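For the sequence shown, my numbering assigns the number 3 to the initial residue and increments by one for each residue that follows.
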Amino acid sequence: MSRIEEAKSLLEKLHERLPDIQDIAISRTNGLVILSLRKTIRDDKKSERLLGGMASALFSVSKRAAEELLKGEFISLNCEISTGNLFLIFTGKVILIALTKQEPNLGLISLELEEAAAKLNEIFT
3 MSRIEEAKSL LEKLHERLPD IQDIAISRTN GLVILSLRKT IRDDKKSERL LGGMASALFS
63 VSKRAAEELL KGEFISLNCE ISTGNLFLIF TGKVILIALT KQEPNLGLIS LELEEAAAKL
123 NEIFT
């Protein structure tokens, strides 16, 4: 099984187990989307590039804030929005991106995404 197939299988399982997640993707830190499973974001290249670009921008700012302000390493970001939540989890190699419905089960989603990020780190190493 290729790395992309392994990652896709992992995302599909997350999607099945966590109904609060609407869209889930993996991107490089430069914004290039490697893989995405989308329900709410249109399934076209422009939307995919927007998702990757926004995730990359948020990652860059968060990483810099972690390093400059807190003298630490960026791990994750949970952005609460009026229509749902945006999660970014840095695996060490790639960024795991998840968009949720309003009022999701934050504890369960955080736990599952952290475990998935660890597996993605192994897959992409």
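Note that the Cβ used here is the ideal one computed from N, Cα and C, for glycine as well.
Just so you know, these numbers come straight off a predicted model, no measurement behind them.
Using three-state DSSP, classify S4 as helix, strand or coil. coil
Contact defined as beta carbons within less than 8 Å: I believe L142 pairs with I91. What is the distance between those atoms, to the nearest angstrom? Because the chain in this structure spans residues 3 to 127, residue 142 falls outside the shown range and cannot be described.
Counting pairs of beta carbons, one from the stretch 117-126 and one from the stretch 39-59, are three or more of them closer than 8 Å?
no
task: Measure the CB-CB distance between N80 and L113 and report whether it falls below 9 Å.
output: no
Self-check item: Within 9 Å, strictly: CB atoms of L13 and A118
Solution: yes
Where do the ends of the beta strand (DSSP E) carrying I36 lie? 35-39
Three-state secondary structure (DSSP) of F76: coil
task: Decide if P106 is buried, meaning its Cβ has at least 16 other Cβ atoms within 10 Å, or exposed.
output: buried
| What residue does the beta strand (DSSP E) around F89 start on, and which one ends it? | 86-92
*asked:* Alpha carbons only, please: which of L72, E82, I26 is nearest the one belonging to T42?
replied: I26
- prompt: By a C-beta neighbour count over all protein chains shown, 10 Å radius and 16 as the cutoff for buried, is V63 buried or exposed?
  reply: exposed
Task: Three-way DSSP call (helix, strand, coil) for I83 in this model - done: strand
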